[in-house]
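In short: position in the sequence shown from 1, add 44, done, that's our numbering. Below is one structure, written out as structure tokens; comments come after it.
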Amino acid sequence: MKKILVIGSTCVDIILKLDHLPVTGEDLHPKSQSMALGGCACNAAHVLLYSGSEFTFLSPVGGGIYGDFVKEALTAHGFSIPVYLPEKENGCCYCLVEASGERTFLSLHGVEYTFRKEWMEPYRMEDYSMAYLCGLEVEEPTGEALVEYFEEERGPKLFFAPGPRGTRLPGERLNRILALSPVLHINEQEALELGGRDCVADAAAALYQITGSPVIVTLGERGAYCRESEEHAYVIPGIPSRVVDTIGAGDSHIGAILAGLQKGSSLRDAIAAANQVAAAVVSQEGAILPKDSVLFRNLRLTKEGLRENTNH
45 MKKILVIGST CVDIILKLDH LPVTGEDLHP KSQSMALGGC ACNAAHVLLY
95 SGSEFTFLSP VGGGIYGDFV KEALTAHGFS IPVYLPEKEN GCCYCLVEAS
145 GERTFLSLHG VEYTFRKEWM EPYRMEDYSM AYLCGLEVEE PTGEALVEYF
195 EEERGPKLFF APGPRGTRLP GERLNRILAL SPVLHINEQE ALELGGRDCV
245 ADAAAALYQI TGSPVIVTLG ERGAYCRESE EHAYVIPGIP SRVVDTIGAG
295 DSHIGAILAG LQKGSSLRDA IAAANQVAAA VVSQEGAILP KDSVLFRNLR
345 LTKEGLRENT NH
């Protein structure tokens, strides 16, 4: 079975619970503060890990107080650390969570958002069927090398999550990624901005015309819309849940899609399973579900349960 390649960041989420976002000059007393493992790629990789998927997680880890936290937590969760750069600072993300559960991110980027082609030398692209990439890494100066790498290595099907800063990517760099025919995984606002249309269906259709690959649009509690082909589009309903915070919901959603596809599910069924995972994520604090969640049993590749995986 071919594996999934996940390239991207692992940082420390510093989660501040607030009644509302402050306005300029306002003093607020947060309800609570906590620290947790985070980062888009890291959140997606945890779904792959706990669902027994075959995958490689390439996430550079730096030093400093955040790097020490990340290194210890990743090791405790069962990940290997193929790129460790203690002389470079690891970053963090301040997650401001309002009473509604909506989150706002303030990201202090460190070495976790960088990339070097030589880091990929131990890996053979013919061993992979799918690859995950986030727009935050592409936006960085080393994102040029990241785009070049995928242009040179055309084997795995690319799944690209541009994120809320997708429209801020250097135009030429974004166009080169879209030319790789990636499966796009975006939320409603991102779809409208990237597709240049005023409704999700039209935006997804416009993006499909550019990439020729499925466009998946998450719709929050309403589920997800998928433009799978020229003739075929559909909505997969969401799962009702009580929203605690929305940190990591989209990351876990795409992780579950990748896990389902590797298992042999149709794209439609993989999205339906991903909707369940995302609903569970928003109903708890933090981005990572417990490894014994019943949802992971539905995504596992074997009936014997979670397998030991030495490739992550």
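Idealized CB from N, CA, C, for every residue including glycine. These figures come from a predicted structure and were not determined experimentally.
Going residue by residue through the segment 191-275, where are the continuous beta strand (DSSP E) segments of at least 3 residues, counting only ones entirely within it?
DSSP runs (the beta strand (DSSP E)) wholly in the segment 191-275: 201-205, 227-231, 259-262 and 268-271.
If we count the other Cβ atoms within 10 Å of its Cβ and call it buried at 16 or more, is residue 45 buried or exposed?
Result: exposed.
Inter-stretch contact at 8 Å, needing at least 3 Cβ pairs: the segment 312-323 / the segment 255-269
Three or more Cβ pairs closer than 8 Å define a contact, and the segment 312-323 meets that threshold against the segment 255-269.
Residue 120: buried (16+ other C-beta within 10 angstroms of its C-beta) or exposed?
Exposed: under 16 other Cβ atoms inside 10 Å.
In three-state DSSP terms, what is residue 119?
The answer is helix: DSSP assigns residue 119 an H, G or I state.
Just the Cα atoms here: how many angstroms apart are residue 142 and residue 166?
In a straight line, the C-alpha of residue 142 is about 43 Å away from that of residue 166.
Among 100, 110 and 274, which one has its Cα closest to the Cα of residue 172?
The shortest C-alpha to C-alpha distance from residue 172 to any of 100, 110 and 274 is the one to 100.
Cα-Cα separation between residue 27 and residue 156, rounded to whole angstroms:
The requested residue 27 does not occur in the structure, where the chain is confined to residues 45 to 356.
For residue 129, does the three-state DSSP call read helix, strand or coil?
Three-state result, residue 129: strand.
From the DSSP output, in three-state form, read off residue 164 for me.
Three-state result, residue 164: helix.
Quick check on the DSSP output: the beta strand (DSSP E) that includes residue 149 runs from which residue to which?
The continuous beta strand (DSSP E) containing residue 149 extends over residues 147-152.
Can you name the residues that DSSP bridges to residue 105?
Per DSSP, 128.
Would you kindly work out how many angstroms separate the C-alpha atoms of residue 22 and residue 231, rounded to a whole number?
Absent from the structure is residue 22, since the part of the chain shown begins at 45 and ends at 356.
Backbone CA spacing between residue 80 and residue 275 [nearest angstrom]
Roughly 43 Å separates the two Cα atoms.
Under a three-way DSSP split, which group does residue 79 fall into?
It is a strand residue.
In DSSP terms, what residue 323 is bridged to:
Under DSSP, residue 323 takes part in no beta bridge, so it has no partner.
Quick one, are the C-beta atoms of residue 255 and residue 284 less than 8 Å apart?
Contact: no.
According to DSSP, is residue 97 part of a helix, a strand, or is it coil?
Coil.
Three-state class that DSSP yields for residue 65 in the structure shown:
Secondary structure of residue 65 (DSSP, three-state): coil.
Classification of residue 114 by the beta-carbon crowding that lies within 10 angstroms, buried from 16 upward
That one is buried.
Cβ separation of residue 135 and residue 110, assumed to be a contact under 8 Å, to the nearest whole Å
Contact check for residue 135 and residue 110: beta-carbon distance about 6 Å, within the 8 Å limit, so the pair qualifies.
Output needed for residue 272: all residues of its chain with C-beta closer than 8 Å, excluding positions within five of it in sequence on either side, in chain order.
Same-chain partners within the cutoff: 258, 278, 311 and 312.
C-beta contact flag for residue 251 and residue 228 at 8 Å
Contact: yes.
Mind checking which residues open and close the alpha helix (DSSP H) that includes residue 296?
That run of the alpha helix (DSSP H) goes 293-307.
Does the beta carbon of residue 285 fall short of 7 Å from some heavy atom of the ligand NAD?
This structure does not include the ligand NAD; it has no bound ligands of any sort.
Determine the DSSP secondary structure at residue 51, reduced to helix, strand or coil.
In the displayed model, residue 51 falls within a strand according to three-state DSSP.
For a test of the three-state rule: what should DSSP assign to residue 174, helix, strand or coil?
Note: residue 174 maps to strand in three-state DSSP.
Give the secondary structure of residue 332 by DSSP, where H, G and I count as helix, E and B as strand, and everything else as coil.
Taken through DSSP and simplified to helix, strand or coil, residue 332 comes out as coil.
State whether the segment 240-249 contacts the segment 209-217, with contact taken as three or more CB pairs (one from each stretch) at a distance under 8 Å.
Verdict: no, contact absent.
Since residue 88 and residue 54 are thought to touch, with beta carbons under 8 Å apart, how far apart are those beta carbons, to the nearest angstrom?
With a Cβ gap of about 11 Å, residue 88 and residue 54 do not count as contacting.
Which one or two residues does DSSP pair with residue 139 in a beta bridge?
Note: residue 139 sits in a beta bridge opposite 59 and 149.
Report all residues from its chain with a CB closer than 6 Å to the CB of residue 152; omit the five preceding and five following residues, and keep chain order.
Its chain contains 135 and 136 as the residues whose beta carbon lies nearer than 6 Å to that of residue 152, once the 5 sequence neighbours on both sides are disregarded; these appear in chain order.
Give me the Cα-Cα distance between residue 199 and residue 306, rounded to the nearest whole angstrom.
In a straight line, the C-alpha of residue 199 is about 15 Å away from that of residue 306.
With DSSP run on the structure shown, which of helix, strand or coil describes residue 279?
When DSSP states are grouped into helix, strand and coil, residue 279 belongs to the strand group.
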